[in-house]
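Structure first, then comments.
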Amino acid sequence: FFFVSHMFFQLHKAFRPLRQPLGLAMRSVFIKTATTPNPECLKFYSIDLTFLDEGKTLDFPTARTAYKSPLAKSLFEVEGVKGVFIADDYVTVTKEEELEWNQLSGHIFSAIANWKQSGEPLVDEDAEADTDCQPLPDDDEVVLAIKELLEARIKPMVQRDGGNIRYIGFEEGIVYLQLQGACSTCPSSTNTLKGGIERMMMHWIPEVEEVTEVNQEDADIMVNRWAETGTFKY
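Each step along the sequence shown adds one to the number in the UniProt record's numbering, with nothing skipped, and position 119 is 119.
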């Protein structure tokens, strides 16, 4: 499905071994790119790189949110980068619309390669695994069914396209979801949400009447409000 382009990026590191003449050690990182349904997002991955443990993700929708990740900070230093999403074996970068990928790709390859060479951790503290779909003691049968469908069918589909979905909650027939990575700014995100996710949920779970997207700020507010009051409403 993806049009995959191959990029061979070489890392050169000079060093002086003890009692040996000056030499040159070469390490090679084969970085590949894959298109996503969102033309402003591109996946970067390599068989030589693992970013996170399986099942973990990190979403940096703005440069301000990237302060804990040396790699994300470096990527945001590339002019035109507006979002970074990191999964276990790939990084999805979102760019400004007015720029072309050939203007950014080389700098992004360099940022990833330099991070790999530096030995710096991906984050200054351990990333947390996605817990939004883990069953909770007070989940009713409908919520459990929604979480199971998201985890088993919908999330894997979205993650293959360089994105992710965060479950926010369910109330009065409405499922609230946050789109992350390539999905968050994709021109076809509405079609994905309504034509794909909503349709699938309404088919398998009759209690679901609508699926609605919320952004990062609203999602955090809603989660806190639910914890305090047991409802998303004011």
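In this text, a Cβ means the ideal position worked out from N, Cα and C, and glycines have one as well.
* **Lys73 (DSSP reduced to helix, strand or coil)** => Translated into positions along the sequence shown, residue 73 becomes position 73. In this structure, Lys73 counts as helix in the three-state DSSP scheme.
* Asked: For Leu22, which three-state DSSP category applies?
  -> What you label residue 22 is simply residue 22 of the sequence shown in a count that begins at 1. At Leu22 the pLDDT is 27, less than 50, meaning the model places this residue with poor confidence; the figure from the coordinates comes in the next sentence. Three-state result, Leu22: coil.
* Taking all protein chains shown into account, decide if Thr131 is buried (16 or more other Cβ within 10 angstroms of its Cβ) or exposed. => Numbered from its first residue, the sequence shown carries residue 131 at position 131. With fewer than 16 other Cβ atoms within 10 Å, it is exposed.
* Cβ neighbours of Ile205 in the same chain (closer than 8 angstroms, five flanking residues each side left out) -> If you number the sequence shown from 1, residue 205 lands on position 205. So the list reads Val142, Ala145, Ile146, Leu149, once near-sequence residues are dropped.
* **Helix, strand or coil at Phe109 [DSSP, three-state]** => Counting from 1 along the sequence shown, the entry for residue 109 is found at position 109. Correct three-state label for Phe109: helix.
* Taking 8 angstroms as the CB-CB limit, is Leu193 close to chain D? -> Included in the structure is just one protein chain, with no chain D present.
* Asked: If you draw a straight line from the alpha carbon of Gly119 to that of Gly230, how long is it in whole angstroms?
  -> Taking the first residue of the sequence shown as position 1, residue 119 is located at position 119. Taking the first residue of the sequence shown as position 1, residue 230 is located at position 230. Cα to Cα, Gly119 sits roughly 44 angstroms from Gly230.
* To do: Kindly list the residues whose CB is nearer than 6 angstroms to the CB of Glu198, restricted to its own chain and excluding five residues on each side of it in sequence; keep chain order.
  => Residue mapping note: residue 198 aligns to position 198 of the sequence shown, counting from 1. Cβ neighbours of Glu198 beyond the five flanking positions: Val211.
* In terms of residue numbering, what span does the beta strand (DSSP E) encompassing Ile165 cover? -> Reading the sequence shown from its first residue, position 165 is the one you call residue 165. Per DSSP, Ile165 belongs to the beta strand (DSSP E) from 163-171.
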